[in-house]
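Structure first, commentary second.
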Amino acid sequence: MDKLLIQGGTRLKGEIRIAGAKNSALPIMAATLLTDDYVKISNLPHLYDITTMLELLGCMGVESIIGDKLEVELNSSTINNFNAPYELVKTMRASILVLGPMLAHFGQAEVALPGGCAIGSRPVNLHIESLKQMGAQVEVENGYIKATSKGRLKGAHIFMDLVTVTGTENVMMAATLADGQTIIENAAREPEVVDLACCLRAMGADISGEGTDTIVVNGVEKLHGCSYSVMPDRIETGTYLIAAAATRGRIKVKDTRPKTLEAVLSKLEQAGAQIEIGEDWISLDMDDQRPKSVSLTTAPYPAFPTDMQAQFTALNAVAKGSGVITETVFENRFMHVHEMNRMGAQLKVEGNTVFVNGVKALIGAPVMATDLRASASLIIAGLVSENETMVDRIYHIDRGYECIEEKLQLLGAKIRRLPS
Ligand code: UD1
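Rendered as structure tokens:
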């Protein structure tokens, strides 16, 4: 397994470009199952999860043409297998996103039940219940969700008990081809849900209300092909900004969408960063100062994202003062805390809260990545350590961060990959 070796103590300085958003690209790739035409997707990030989704669609018979500029054309008219196997689903929970579109277009789908994962049990009961409300027959048997629909799905009034991002996306996609109107209440408002809605509209869907907690979809008989460019990755953007703030640096991130990061930028300002924004760029300057601790609580968009919690914990670990971080979206999302404590951080977990007493610097140590965003936080911890940190199991990071060591090297970090 590859490892990353980091020599800490360098202030990050310079400019980088942000890739397309993983969490937008995955549902958009799944949405191509809703039409028999070619759909061309550009600005795809170069990530392991994207390859997994291509592999999943490929094993179902979807034809793909991969271009040289991070674009792909997908055509599902050649589909001949309606099964998403456990071998692929277990490596990427977002595979569940093929359920709604396959059921809506082909009237059948078998998707392995995603198991537990490092950040909690993450059930998919709301995806299943909503599709049942739309008239689907759904059984869970031998670890598989087996769904069928006689004729078109039916529009329904769905109230989501919890705000779920992929749940909202699955139902929204299924509803595009349903008979009648579907109203999704307590819908996720995440920018990636909005990006998916824009792509579906370009395919001929009739959707409104995306970005609010009530999404209305009037089903149509057929969708068509389109060309769509995936939005920039707000989590990648935030991760580099936090890394720069933790190292007392000065960076500019380009090709991003500042409006999708308001909660994160506000916390970075509280931490002492000077932030400037343009239409598609953000600059951050710490004026060589140590960051100040901030307190935060994660919650669905537009509140502070759970996918940035671990990185902010790393920043707080070396900040002046003490802060309190509360995680309300996932259970068990503090695996990084124990690794950071091994690096000399003073973090104490109580229930879903971490109490942080900032120290001046961490001390490098061998650490283990446990999930995607935890890996990013351990890299930030390594960058603010006094000596060498070795991050093991970095396959997690390759699932969600494109060329992370190259981008950090561009910003002056001393980081290199040690291949297994
Ligand atoms: C998506 C993101 C992930 C992010 C998360 C929360 C993708 C591919 N992944 O994950 O990066 O961390 O949103 O912003 O977009 N829940 C249920 N029943 C369900 C569905 C969800 O109880 O049927 C619970 C989950 O266990 C969790 C909460 O709802 O506690 C939110 O999860 P959800 O928004 O569904 O996360 P994902 O869509 O899997």
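Convert by adding 5 to the 1-based position in the sequence shown; the result is the number in my numbering.
Every residue, glycine too, gets a C-beta built ideally from N, C-alpha and C.
Can you grab the Cα-Cα spacing for the pair residue i / residue j, in whole Å?
| i | j | result |
| --- | --- | --- |
| Tyr53 | Glu174 | 21 Å |
| Glu426 | Ala386 | Any property of residue 426 remains undetermined from this structure, which presents the chain solely from 6 to 425. |
| Asn470 | Ser135 | Nothing can be reported for residue 470, as the shown portion of the chain is limited to 6 through 425. |
| Tyr233 | Arg378 | 27 Å |
| Gln275 | Thr331 | 17 Å |
| Lys325 | Asp260 | 32 Å |
| Asp312 | Ile240 | 7 Å |
| Val359 | Leu367 | 17 Å |
| Leu246 | Glu215 | 27 Å |
| Phe317 | Val170 | 22 Å |
| Lys95 | Leu415 | 34 Å |
| Arg255 | Val342 | 26 Å |
| Leu75 | Asp403 | 16 Å |
| Thr448 | Met139 | An answer regarding residue 448 cannot be provided, because it is not within the stretch 6 to 425 covered by the chain. |
| Asp376 | Ser154 | 36 Å |
| Met177 | Gly13 | 45 Å |
Quick check on this structure: which residue in the options has the alpha carbon closest to the alpha carbon of residue i?
| i | options | result |
| --- | --- | --- |
| Ala304 | Ile256, Phe335, Gly254 and Thr15 | Phe335 |
| Gly363 | Asn85, Arg295 and Leu301 | Arg295 |
| Asn28 | Tyr406, Asn321 and Asp184 | Tyr406 |
| Pro90 | Asp73, Gly160, Met58 and Val77 | Met58 |
| Glu393 | Cys408, Ile420, Tyr400 and Arg404 | Ile420 |
| Ile55 | Val235, Thr265 and Met313 | Val235 |
| Ile23 | Ala276, Pro263 and Ala374 | Pro263 |
| Glu20 | Arg157, Ala374, Tyr233 and Ser288 | Ser288 |
| Leu301 | Arg255, Leu93, Gly72 and Val269 | Val269 |
| Gly185 | Gly224, Val176 and Gly156 | Gly224 |
| Lys412 | Leu266, Tyr400, Ile384 and Val396 | Ile384 |
Within 7 Å (strictly less), CB to CB, does residue i reach chain C?
| i | result |
| --- | --- |
| Ile70 | In the displayed structure, chain C is absent; only one protein chain is listed. |
What residue range is occupied by the uninterrupted alpha helix (DSSP H) comprising residue i?
| i | result |
| --- | --- |
| Phe309 | No alpha helix (DSSP H) holds Phe309; DSSP gives it neither H nor E. |
Answer yes or no: do residue i and residue j have a C-beta to C-beta separation smaller than 7 Å?
| i | j | result |
| --- | --- | --- |
| Ala322 | Ala350 | yes |
| Glu115 | Phe87 | yes |
| Ser390 | Gly369 | yes |
| Leu230 | Asp7 | Reading off the sequence, residue 230 comes out as Gly, not Leu. Cβ distance not < 7 Å, so Gly230 and Asp7 don't count as in contact. |
| Leu9 | Arg422 | yes |
| Ala192 | Leu158 | no |
| Pro106 | Leu201 | no |
| Pro128 | Arg98 | no |
| Ala319 | Leu17 | no |
| Thr187 | Ala161 | yes |
| Val299 | Gly328 | yes |
Let's see if you can read the secondary structure: which residues bound the beta strand (DSSP E) around residue i?
| i | result |
| --- | --- |
| Asp166 | Careful: Asp166 lies outside any beta strand (DSSP E) and carries neither H nor E. |
| Asn80 | Val77 to Asn80 |
Is the closest heavy atom of the ligand MG to the C-beta of residue i under 6 Å?
| i | result |
| --- | --- |
| Val170 | The ligand MG is not part of this structure, which contains only the ligand UD1. |
Determine contact between the region 100 to 107 and the region 27 to 37, defined as no fewer than three beta-carbon pairs at a distance below 8 Å.
-> yes
At least 3 beta-carbon pairs within less than 8 Å: the region 197 to 212 vs the region 56 to 64 | no
Can at least three beta-carbon pairs, one atom from the region 40 to 50 and one from the region 215 to 223, be found at a separation below 8 Å?
-> Output reads no: the region 215 to 223 does not touch the region 40 to 50.
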